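What follows is a set of notes on a single structure, which appears directly below.
In our numbering, the protein residues as written are 216 to 805.
This is the structure:
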């Protein structure tokens, strides 16, 4: 042992901090492998200086089951003595460099570092990462002739071996090939070769085998994806194009080529613009490039020359493309022939202009019609007043004559006087009916909740039917509507059922059926009924089936009913057979 006095305590604590890990690793490796080793390191002495120590260790048998490593020779070298310290310092530095190199090389998990002797056709060095990548021990690479060649995929072997054995190459190169791993996997390697010569002039090949299996799989998937895209794009009915990061076209699908009648080579770059209409090409390109530089979507319409030389209207929509990492990859767009739509749009535009004109005319007509209606209302009022005044005078005069000559009038004369007054009353009722008919639908009334049951009770009470007459009213709803029009409809229908019934003990029933958007009311009687050929006629104005001298009637009531119902958006129909009574069905919106 050296005469230099070390610091008291554990040896580990006295070793220089920069040397501890290296010392510990070599010692542990020797213990695990039962191998001898030599290691140099610095130790802190009692005088406060570090001195170089060189430790040589061999394994020695022990009483315990496991063999132990025992230090049998340790030599110290004072670092302050240049001549004596020169060799151990350089040795330690070299060991440190070698250790760093080993750590660096073995830390490359996806790269195999290697050295190959072209003369002996053997590897002289292979890094430990070869085990992780291909699964074979390094010793097989170094010791077994032709081991590596046999790992190379049969389809790549001849080309790879040729590269390694071409000693006159004397230049760096790289190649990619496949190897068969220990578990049968196919592993892609990118091998970078560096040519060198040793001091004796012998050829050496050194290189890095990079595992590119994942990259190759990605490339294969990308090629498959591109092939699928091209297949789908060429089979699409729409025209599809793609541009690169320089805005130039690099793809156009078969639909585009079929439409233009041009080749893909002609369309690439800026060639596609040659088929655009001369009046549209500047605007079309400007729209595209403006969107391209701002990385925005765009849409436009332009004319494109078809294979037959005719220009067709095209709708185009383009969008920027980005890679998964967000990098800009270019643009993709699609085009659709919209010529037929443009024709329809032009026709629709023409129709819209015509409709605008007609709407203006209709508005003017409505104004005129409204004015005429007002004039008609005024005329109807004046006419009814002027017509009814003489009628009332005739009725009064006939009454006075009959009263003054009561003792001189014969029975026949009295009958004729009664007929005269009856005609006068009929004429007055006719005038009132015409006035009422003309006003249907031209008077706006407020809507509110109406109890149909209560309304019917009021109608029946106002009609005062014979006490022997039966009127049955089913449960009725409450609806929101104009009260007066509905009251007029029920009044006319019930009044007719009573008036034209052949018996004093007749029966009238009123029922209702509810539907999704309306109610259907039914007013039915058990009278004589109406033959089918008269079902439409009874709704005409001035139409009546009974002689006017028998039953006083103007023939306007059902015409008014029909007009009111239709004005409210409903319908009315008659269901009847001779001798089976009559039933009037009409609908009323909810």
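Where is the CB? At the ideal position from N, CA and C, for every residue including glycine. Since this is a predicted model, take the numbers as computed values, not measurements.
Here residue 508 is exposed: its Cβ has fewer than 16 other Cβ atoms, across all protein chains shown, within 10 Å. Taking all protein chains shown into account, residue 730 has fewer than 16 neighbouring C-beta atoms within 10 Å of its C-beta and is therefore exposed.
Relative to residue 636, the option among 230, 660, 611 whose CA is nearest is 611.
Contact annotation, residue 696 with residue 662: C-beta distance approximately 6 Å; criterion of less than 8 Å satisfied.
Its chain contains 613, 617 as the residues whose beta carbon lies nearer than 6 Å to that of residue 632, once the 5 sequence neighbours on both sides are disregarded; these appear in chain order.
For residue 782, the enclosing alpha helix (DSSP H) has its first and last residue at 772 to 782. Residue pairing for residue 690: DSSP places it in no beta bridge.
DSSP lists 331 as the beta-bridge partner residues of residue 338.
Taking a 10 Å sphere around the C-beta of residue 533, we find 16 or more other C-beta atoms and assign the residue as buried. Residue 725 carries a strand assignment under DSSP once its states are collapsed to helix, strand and coil. With contacts defined by Cβ atoms closer than 7 Å, residue 545 and residue 556 do not form a contacting pair.
Residue 246 and residue 238 do not touch by the CB rule: their CB atoms are close to 13 Å apart, not below 8 Å.
DSSP places residue 478 in the coil class of the three-state scheme, outside both helix and strand.
In terms of Cβ geometry, residue 738 and residue 725 form a close pair [threshold 7 Å]. Residue range 428 to 450 is occupied by the alpha helix (DSSP H) that includes residue 446. Residue pairing of residue 539 in beta bridges, as defined by DSSP: absent, with no partner found. Check the Cα spacing between residue 349 and each of 518, 366, 333: the tightest is with 366. For residue 254, the uninterrupted beta strand (DSSP E) run begins and ends at 252 to 259, by DSSP. Distances from the CA of residue 640 to each of 576, 608, 419, 527 were compared; the closest alpha carbon is that of 608. Here the region 673 to 688 makes contact with the region 704 to 722; the two share three or more CB pairs at distances below 8 Å. Where residue 708 is concerned, the enclosing alpha helix (DSSP H) starts and stops at 698 to 714. By the Cβ-count criterion, residue 707 is buried, with 16 or more other Cβ atoms from all chains shown falling within 10 Å of its own Cβ. In terms of Cβ geometry, residue 411 and residue 417 do not form a close pair [threshold 7 Å].
Under the three-state reduction of DSSP output, residue 576 falls in the helix class. Cβ atoms of residue 785 and residue 733 come within 8 Å of each other, at about 7 Å. Under the DSSP assignment, residue 676 falls in the alpha helix (DSSP H) whose first and last residues are 667 to 678.
Apart from the 5 residues on each side of it in sequence, residue 456 sits with its Cβ closer than 6 Å to the Cβ of 464, 467, 548 in its chain, given in chain order. In the three-state reduction of the DSSP assignment, residue 401 falls in the strand class, which pools E and B.
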